[in-house]
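Mapped onto my numbering, the consecutive letters of the sequence shown carry residue numbers 324 to 781.
The structure under discussion appears below in the form of structure tokens.
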Amino acid sequence: MRITSLNPDTNIGASGWLIEFEGHRLLLDAGMHPKWEGHRALPLFQAAGPGEVDAIAISHCHHDHVGALPVALRHFPHAQVLMTELSYFLIERVLHNSVNVMTRQRAELGIAEYPLYTHDEVDEIAPLFQGFRYNRPVEWTAHSRGRARRDGPTLEFFDAGHTLGAAGIRVQGRRETLFYTGDVCFHDQTLLRAARFEDVEADVLIMETTRGGRGTPEGFTREAEIDRLIESIRAVFKRRGSVLIPSFALGRTQEILALLALEMAGGRLRRQPVYIGGLGRVFTEIYDLQAHRTHRQHHNLHLHEALDLVVLDPEETRSLSLNTSRLFVVTAGMMTENTPAHDLAVRLARDERHAVFFVGYADPDTPGGRFKASRKGEPFFFSQQVPELVRYCEVDDFDLTAHAAREDLLDFVGMVDPRVVVLGHGDETARQWFAEQIARRYPRIRIVQPQPGEPVEL
Numbered sequence: 324m325r326i327t328s329l330n331p332d333t334n335i336g337a338s339g340w341l342i343e344f345e346g347h348r349l350l351l352d353a354g355m356h357p358k359w360e361g362h363r364a365l366p367l368f369q370a371a372g373p374g375e376v377d378a379i380a381i382s383h384c385h386h387d388h389v390g391a392l393p394v395a396l397r398h399f400p401h402a403q404v405l406m407t408e409l410s411y412f413l414i415e416r417v418l419h420n421s422v423n424v425m426t427r428q429r430a431e432l433g434i435a436e437y438p439l440y441t442h443d444e445v446d447e448i449a450p451l452f453q454g455f456r457y458n459r460p461v462e463w464t465a466h467s468r469g470r471a472r473r474d475g476p477t478l479e480f481f482d483a484g485h486t487l488g489a490a491g492i493r494v495q496g497r498r499e500t501l502f503y504t505g506d507v508c509f510h511d512q513t514l515l516r517a518a519r520f521e522d523v524e525a526d527v528l529i530m531e532t533t534r535g536g537r538g539t540p541e542g543f544t545r546e547a548e549i550d551r552l553i554e555s556i557r558a559v560f561k562r563r564g565s566v567l568i569p570s571f572a573l574g575r576t577q578e579i580l581a582l583l584a585l586e587m588a589g590g591r592l593r594r595q596p597v598y599i600g601g602l603g604r605v606f607t608e609i610y611d612l613q614a615h616r617t618h619r620q621h622h623n624l625h626l627h628e629a630l631d632l633v634v635l636d637p638e639e640t641r642s643l644s645l646n647t648s649r650l651f652v653v654t655a656g657m658m659t660e661n662t663p664a665h666d667l668a669v670r671l672a673r674d675e676r677h678a679v680f681f682v683g684y685a686d687p688d689t690p691g692g693r694f695k696a697s698r699k700g701e702p703f704f705f706s707q708q709v710p711e712l713v714r715y716c717e718v719d720d721f722d723l724t725a726h727a728a729r730e731d732l733l734d735f736v737g738m739v740d741p742r743v744v745v746l747g748h749g750d751e752t753a754r755q756w757f758a759e760q761i762a763r764r765y766p767r768i769r770i771v772q773p774q775p776g777e778p779v780e781l
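Written as structure tokens, this is what we have:
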């Protein structure tokens with residue numbers, strides 16, 4: 324077996340893994356780097372060489388895992404494209420939104436390479452997408468290169484609990500088995516239940532390490548963190564301030580909306596409009612429509628019925644009155660420039676009545692990360708658009724992550740008991756923690772940390 328990381332970065336970046344074994348080639352994910360721009364943000368498809376791949380399997384529809392799929396299909400035009408049936412309902416909307424964002428960035432930031440693909444190209448490749456239920460073996464080499472085959476490796480999706488449609492992927496060969504965690508969550512969220520990886524066995528485990536640098540405090544519970552968030556929102560409203568919760572449109576937005584809906588129904592929060600972005604509204608409706616297919620809690624909780632959702636027009640972010648308490652759950656989660664979260668943060672920052680509450684990861688090198696790290700009353704660099712900002716509003720961070728705790732992932736390694744663990748999707752500190760802990764607890768397991776574009780023989 325040979326594995327090549329196509330991520331151009333050693334940190335969290337453009338997810339893509341080339342798997343070669345038993346005469347077949349499989350690409351796991353085709354993402355875009357969340358902080359880089361232009362062609363630099365793409366996976367290193369050239370490192371895969373001139374050959375075709377039999378299939379591209381998508382773990383989930385977040386941009387850093389699927390955003391480069393149209394470009395991948397230029398390199399591998401005969402590949403099948405496989406994903407879960409829930410991702411199938413999301414993927415076209417994600418890719419079309421990517422075209423919109425790149426087109427806007429070309430105009431606003433002068434990035435001449437953008438867009439890297441077009442709406443027409445997304446429409447042309449959409450018929451190639453195939454959606455499958457969880458825990459159903461897929462014969463992805465059955466018609467490889469025009470030859471009918473039934474003796475090749477199979478592929479199976481396992482519910483990863485991270486976001487709608489997210490999956491770990493098991494590749495079963497005649498002699499060896501590989502399992503790719505993708506992004507995984509081993510605890511129940513407000514809507515989605517924990518990953519179902521109980522029966523996973525594999526010789527090789529490719530594992531995310533996102534939270535390797537962050538331990539779980541003693542006595543921490545998600546329920547207590549939710550209580551702290553709700554009480555903080557109530558305190559802001561009491562002083563007639565507004566609350567901004569920057570949030571990714573897919574997954575985090577729906578989880579926070581569900582939390583708010585339950586708290587409003589229970590009376591701890593007063594009923595009032597919740598302002599969201601247009602893409603967040605689209606994904607929220609899909610969450611509602613596909614509730615019956617999803618391993619989740621509150622199947623009868625339809626967010627567009629339980630809440631008064633107001634789609635925030637971009638112009639409103641600059642003109643909407645903030646003299647009354649308002650609640651915003653809007654993109655982007657890392658406050659990227661020219662997004663509602665970025666523009667609202669600038670307005671809220673100047674008034675100590677208001678608050679910005681983070682409920683997920685914000686990279687330190689993004690506007691969101693810098694806003695989170697800022698000190699009250701002190702100027703700081705926020706973004707290229709707003710080079711200097713002075714914050715007076717309240718800022719807090721609530722650990723409501725959709726990624727597995729590092730302790731749970733370490734236990735998972737022991738459950739799978741692989742010969743080799745391949746570490747990825749995490750910064751150097753995170754990967755190093757896992758490397759040290761795995762070596763200490765499971766000394767017989769080989770640990771591999773691939774460099775970008777360099778094949779590793781296993």
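Glycine residues also receive a C-beta, built at the ideal position from the N, C-alpha and C atoms.
*asked:* If contact is defined by three or more beta carbon pairs under 8 Å, each pair taking one atom from either stretch, is the stretch 522-537 in contact with the stretch 568-577?
replied: no
*Would you mind sorting E701 into buried or exposed? The rule is 16 or more other CB atoms within 10 Å of its CB.*
As a working note, residue 701 is residue 378 in the sequence shown. By the 10 Å Cβ count, E701 comes out exposed.
*Chain-order list of residues whose beta-carbon lies under 6 Å from that of R767 (same chain, five-residue window excluded)*: Here residue 767 is taken as the residue at index 444 of the sequence shown, counted from 1. Excluding sequence neighbours, R767 sits near nothing in its chain.
*Specify the secondary structure class of M324 as computed by DSSP and reduced to three states.*
In the sequence shown, residue 324 corresponds to position 1, counting from 1. Collapsing the DSSP output to three states places M324 in coil.
*Where N531 and Q512 are concerned, what is the direct C-alpha to C-alpha distance, given to the nearest angstrom?*
Locating residue 531 in the sequence shown gives position 208, where the first residue counts as 1. Locating residue 512 in the sequence shown gives position 189, where the first residue counts as 1. Reading off the sequence, residue 531 comes out as Glu, not Asn. For E531 and Q512, the distance between alpha carbons rounds to 19 Å.
_Considering only the alpha carbon of each residue, which of E608, V424, E780 and T533 lies closest to G336?_
Here residue 336 is taken as the residue at index 13 of the sequence shown, counted from 1. Nearest option by C-alpha distance: T533.
*What's the gap between the Cα of A471 and the Cα of H385?*
If you number the sequence shown from 1, residue 471 lands on position 148. If you number the sequence shown from 1, residue 385 lands on position 62. Model confidence at A471 stands at a pLDDT of 45, short of 50, so the residue's coordinates are unreliable and nothing is read from them.
_With 16 other Cβ atoms within 10 Å as the buried cut-off, status of G372_ = Taking the first residue of the sequence shown as 1, we reach residue 372 at position 49. Exposed, by the Cβ-count rule.
*Can you grab the Cα-Cα spacing for the pair N420 / L405, in whole Å?*
To locate residue 420, count along the sequence shown from 1; it is residue 97. To locate residue 405, count along the sequence shown from 1; it is residue 82. Near 20 Å, if we compare the C-alpha coordinates of L405 and N420.
*So what does DSSP say about L273, is it helix, strand or coil?*
Absent from the structure is residue 273, since the part of the chain shown begins at 324 and ends at 781.
_Considering only DSSP beta bridges, list what W340 is partnered with._
As a working note, residue 340 is residue 17 in the sequence shown. S328 and L351.
*Inter-residue CB distance, P579 and V682 (contact presumed, cutoff 8 Å)*: Here residue 579 corresponds to residue number 256 of the sequence shown, with the count starting at 1. Here residue 682 corresponds to residue number 359 of the sequence shown, with the count starting at 1. Note on identity: in this sequence residue 579 is Ile, with Pro being the wrong assignment. Confirmed, about 6 Å.
*To the nearest angstrom, report how far apart T333 and Q772 are at their CA atoms.*
Along the sequence shown, read from residue 1 onward, the residue named residue 333 stands at position 10. Along the sequence shown, read from residue 1 onward, the residue named residue 772 stands at position 449. Cα-Cα distance, rounded: 9 Å.
*asked:* Measuring only the C-alpha atoms, how far is R325 from A435?
replied: As a first step, residue 325 is located in the sequence shown; it is residue number 2 there, counting from the start. As a first step, residue 435 is located in the sequence shown; it is residue number 112 there, counting from the start. The alpha-carbon atoms of R325 and A435 are separated by roughly 36 Å.
*asked:* Just to confirm the assignment: which complete beta strand (DSSP E) runs, minimum length 3, are found wholly within the stretch 462-522?
replied: For the stretch 462-522, whole beta strand (DSSP E) runs of length 3 or above, ordered along the chain, are 477-482, 490-495 and 500-503.
*Note down the Cα distance separating I770 from L781, rounded to an integer number of angstroms.*
Walking along the sequence shown from the start, residue 770 turns up at place 447. Walking along the sequence shown from the start, residue 781 turns up at place 458. In this structure, the straight-line span from the alpha carbon of I770 to that of L781 is close to 11 Å.
*State the Cα-Cα distance for the pair R676 and C716, rounded to the nearest angstrom.*
As a working note, residue 676 is residue 353 in the sequence shown. As a working note, residue 716 is residue 393 in the sequence shown. C-alpha separation (whole angstroms): 6 Å.
_Strictly by DSSP, which residues pair up with I568?_
What you label residue 568 is simply residue 245 of the sequence shown in a count that begins at 1. Beta-bridge pairing links I568 to V652.
_Neighbour-count burial assignment, Q708, 16 or more Cβ in a 10 Å radius_ = To locate residue 708, count along the sequence shown from 1; it is residue 385. So Q708 counts as exposed.
*Quick one: which unbroken alpha helix (DSSP H) runs of 4-plus residues sit fully inside the stretch 579-638? Chain order, please.*
As far as the stretch 579-638 is concerned, its whole alpha helix (DSSP H) runs of at least 4 residues are 601-612 and 626-629.
*asked:* For F543 and V523, which I take to be in contact (beta-carbon distance under 8 Å), what is that distance rounded to the nearest angstrom?
replied: Locating residue 543 in the sequence shown gives position 220, where the first residue counts as 1. Locating residue 523 in the sequence shown gives position 200, where the first residue counts as 1. Not quite, the Cβ-Cβ distance comes to about 26 Å (not below 8 Å), so this is no contact.
*Are the CB atoms of A518 and A483 nearer to each other than 8 Å?*
Here residue 518 corresponds to residue number 195 of the sequence shown, with the count starting at 1. Here residue 483 corresponds to residue number 160 of the sequence shown, with the count starting at 1. Against a cut-off of 8 Å, the Cβ pair of A483 and A518 comes out as a contact.
*Sequence ranges, beta strand (DSSP E) only - wholly within the stretch 639-719, length at least 3*: Entirely contained in the stretch 639-719, the beta strand (DSSP E) runs reaching 3 residues are, in chain order, 650-653 and 678-681.
*So E548 is in the alpha helix (DSSP H); what residue range does that whole segment cover?*
Residue numbering aside, residue 548 sits at position 225 when the sequence shown is read from its first letter. Segment R545 to K561, the alpha helix (DSSP H) holding E548.
*How would you write the range of the alpha helix (DSSP H) that A430 sits in, first residue to last?*
By one-based count along the sequence shown, residue 430 stands at place 107. Segment I414 to L432, the alpha helix (DSSP H) holding A430.
*Are three or more beta carbon pairs between the stretch 580-591 and the stretch 653-666 nearer than 8 Å?*
no
_For N330, count the other beta carbons within 10 Å of its own beta carbon; 16 or more makes it buried, fewer makes it exposed. Which is it?_
Indexing the sequence shown from 1 puts residue 330 at position 7. Buried, since its Cβ has 16 or more Cβ neighbours within 10 Å.
*Terminal residues of the alpha helix (DSSP H) in which R763 lies*: The residue given as residue 763 occupies position 440 in the sequence shown. Residue range E751 to R764 is occupied by the alpha helix (DSSP H) that includes R763.
_Using 8 Å as the threshold, is the C-beta distance between I379 and A402 below it?_
Within the sequence shown, numbered from 1, the residue matching residue 379 stands at position 56. Within the sequence shown, numbered from 1, the residue matching residue 402 stands at position 79. Their beta carbons are under 8 Å apart, which means I379 touches A402 by this criterion.
*Pull up the distance between the alpha-carbon of A430 and that of D611, whole angstroms please.*
As a working mapping, residue 430 is identified with position 107 in the sequence shown. As a working mapping, residue 611 is identified with position 288 in the sequence shown. Whole-angstrom Cα-Cα distance: 35 Å.
*Please list, in chain order, all residues of the same chain as R516 whose beta carbon is under 7 Å from its beta carbon, the five residues on each side excluded.*
The residue given as residue 516 occupies position 193 in the sequence shown. G484, H618, R619 and Q620, listed in sequence order.
_Could you compute how far the alpha carbon of Y598 sits from the alpha carbon of R670?_
Here residue 598 refers to the residue found at position 275 when the sequence shown is read from its first residue. Here residue 670 refers to the residue found at position 347 when the sequence shown is read from its first residue. Rounded to the nearest angstrom, the two C-alpha atoms are 15 Å apart.
_Opening and closing residue of the alpha helix (DSSP H) in which F735 lies_ = Your numbering for residue 735 matches position 412 in the sequence shown. Where F735 is concerned, the enclosing alpha helix (DSSP H) stretches over R729 to V739.
*Below 7 Å CB to CB, which residues in the same chain sit around L367 once its five sequence neighbours on both sides are set aside?*
Reading the sequence shown from its first residue, position 44 is the one you call residue 367. Taken in chain order, the residues that qualify are L329, P331, P775 and G776.
*Is A581 buried or exposed, if buried means 16 or more other CB atoms sit within 10 Å of its CB?*
Numbered from 1 along the sequence shown, position 258 holds the residue referred to as residue 581. So A581 counts as buried.
*Which partner residues of V771 appear in the DSSP bridge assignment?*
Your numbering for residue 771 matches position 448 in the sequence shown. V745.
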